[in-house]
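In full-length UniProt numbering, the protein residues as written are 1 to 426.
Pasting the structure below:
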């Protein structure tokens, strides 16, 4: 059907706009709006470089409308990639074959944006999470630091009261007010070594006993000596310790049948009495011996003093252990050894075999070295020990017994705990 026929049917003059153009635009708009749910029957689509032409045949008032050709007007869909919008434009061909475009007749809103976050948003989220993590870590560090400072300054008194009641039956402290021990005090106690086993101490003492016995057998003679030639000037302390008299000791030295046992007693007294304190002469290092001599109440007469003395010995022994082990031949020790040998010779010189002086001196140095090591071992223990030379029932103690008088907690042991029995001459 021609264009004039369409005009006559509409009842308009010939000069009015062509009905086919207006109605085609309406058909295109309605077709695009409904294309989401109902696809067109037979759409004709062409596109090039971002421009798409869409036309759908239809009927208007009983008249068939067909898609325009290149000589007819066309409706195109413009796709704006920058703004993601669609625009429908009606174009008319010109006389020279070019196409004139009219104003857009319809448009569709922006296309849905791509899902997800942009690069800038991701970076912002990452920085925010990092800052939150730093704040949490700082809060935890501050909390732990406050707890550590609180423990450091939580200083309390740990020693028992001097007036704490004592049970006379067991000579141990009654349980008094509970003392709160600070964390640092607990750590120090954990670092201190445990008291050595009794066998460790007794083995060292028994080795000395054998060394002394062999020394007397090897380097002293049993030839008769007049009693007047035996000096009693330096036997006073030994006579007191053994509960006998200097005269009796001199007589036993002059008697060949009792000389060997008496010489063993004298040598044991010279070296072992220097191992447990109580004398001006000590085989302990000079700095330790000086302090050890002046501490009051360490014998258990003052419970608090005795407990603190026990702890002091253990801590000091632990701190000085390496130094004492490395400096075995220092000048202080050599001087102490020389004094001990001089005290021994002042009594036993008449009985020394001639020609063996060098070997005897070397052997005495070995005995004194072991005695000095024993002295430091006993000092570094929390308990206190004592060698007992006292004679019983008139017999002569050839080698002393070893007892523990103060327990590992600084408490007095009554009676003393025996580690090694005395050896008494028959």
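Where is the CB? At the ideal position from N, CA and C, for every residue including glycine.
Since I believe residue j is in contact with residue i (beta carbons under 8 Å), could you give me their beta-carbon distance rounded to a whole number of angstroms?
{"i": "residue 411", "j": "residue 385", "result": "Not quite, the Cβ-Cβ distance comes to about 15 Å (not below 8 Å), so this is no contact."}
{"i": "residue 196", "j": "residue 381", "result": "7 Å"}
{"i": "residue 238", "j": "residue 253", "result": "So it is not a contact: roughly 11 Å between Cβ atoms."}
{"i": "residue 347", "j": "residue 234", "result": "6 Å"}
{"i": "residue 222", "j": "residue 259", "result": "6 Å"}
For residue i, count the other beta carbons within 10 Å of its own beta carbon; 16 or more makes it buried, fewer makes it exposed. Which is it?
{"i": "residue 194", "result": "exposed"}
{"i": "residue 362", "result": "exposed"}
{"i": "residue 298", "result": "buried"}
{"i": "residue 200", "result": "exposed"}
{"i": "residue 288", "result": "buried"}
{"i": "residue 313", "result": "buried"}
{"i": "residue 333", "result": "buried"}
{"i": "residue 415", "result": "exposed"}
{"i": "residue 270", "result": "buried"}
{"i": "residue 218", "result": "exposed"}
{"i": "residue 338", "result": "exposed"}
{"i": "residue 296", "result": "exposed"}
{"i": "residue 122", "result": "exposed"}
{"i": "residue 303", "result": "buried"}
{"i": "residue 202", "result": "exposed"}
{"i": "residue 236", "result": "exposed"}
{"i": "residue 207", "result": "exposed"}
{"i": "residue 324", "result": "buried"}
{"i": "residue 290", "result": "exposed"}
{"i": "residue 358", "result": "exposed"}
{"i": "residue 175", "result": "Only weak support exists for where residue 175 lies, its pLDDT of 41 falling under 50; the value from the coordinates is given anyway. Per the 10 Å Cβ criterion, exposed."}
{"i": "residue 109", "result": "Since pLDDT at residue 109 reaches only 45, below the 50 mark, its modelled position is unreliable, and no value is offered."}
{"i": "residue 344", "result": "buried"}
{"i": "residue 394", "result": "exposed"}
{"i": "residue 137", "result": "exposed"}
{"i": "residue 161", "result": "Legend: pLDDT at residue 161 = 42, less than 50; position of this residue unreliable, value from coordinates given subsequently. By the neighbour-count rule (16 or more Cβ atoms within 10 Å), residue 161 is not buried but exposed."}
Would the beta-carbon of residue i fall within 8 Å of that of residue j?
{"i": "residue 284", "j": "residue 379", "result": "yes"}
{"i": "residue 419", "j": "residue 396", "result": "no"}
{"i": "residue 227", "j": "residue 245", "result": "no"}
{"i": "residue 261", "j": "residue 398", "result": "yes"}
{"i": "residue 427", "j": "residue 256", "result": "This structure cannot speak to residue 427, because the chain is shown only from 1 to 426."}
{"i": "residue 354", "j": "residue 242", "result": "no"}
{"i": "residue 315", "j": "residue 192", "result": "yes"}
What residues in its chain sit with their C-beta under 7 Å from that of residue i, if we drop five residues either side in the sequence?
{"i": "residue 407", "result": "383 and 413"}
{"i": "residue 212", "result": "264, 267, 268 and 367"}
{"i": "residue 417", "result": "403 and 404"}
{"i": "residue 400", "result": "268, 272, 387, 388, 389 and 422"}
{"i": "residue 286", "result": "332"}
{"i": "residue 209", "result": "399"}
{"i": "residue 365", "result": "337"}
Consider the C-beta atom of residue i and the heavy atoms of the ligand MG; say whether any pair is separated by less than 7 Å.
{"i": "residue 230", "result": "For the structure depicted, the ligand MG is absent and the ligand set is empty, with no information on it obtainable."}
Give every residue of the same chain whose Cβ lies closer than 6 Å to the Cβ of residue i, excluding the five residues on either side of it in the sequence, and list them in chain order.
{"i": "residue 350", "result": "225 and 229"}
{"i": "residue 409", "result": "none"}
{"i": "residue 132", "result": "none"}
{"i": "residue 305", "result": "297"}
{"i": "residue 281", "result": "274"}
{"i": "residue 311", "result": "none"}
{"i": "residue 198", "result": "419"}
Using a Cβ-Cβ cut-off of 8 Å (strictly less than) and excluding sequence neighbours within five positions of residue i, which residues of its own chain qualify?
{"i": "residue 317", "result": "376, 379, 380 and 381"}
{"i": "residue 140", "result": "none"}
{"i": "residue 129", "result": "none"}
{"i": "residue 119", "result": "none"}
{"i": "residue 143", "result": "none"}
{"i": "residue 424", "result": "391, 392, 395, 396, 397 and 398"}
Compare the C-beta of residue i against all C-beta atoms of chain C and say whether one is closer than 8 Å.
{"i": "residue 363", "result": "The chain labelled as chain C is not found in the depicted structure, where only one protein chain is given."}
- Item | Three or more C-beta pairs below 8 Å linking the region 372-387 and the region 274-284 | yes
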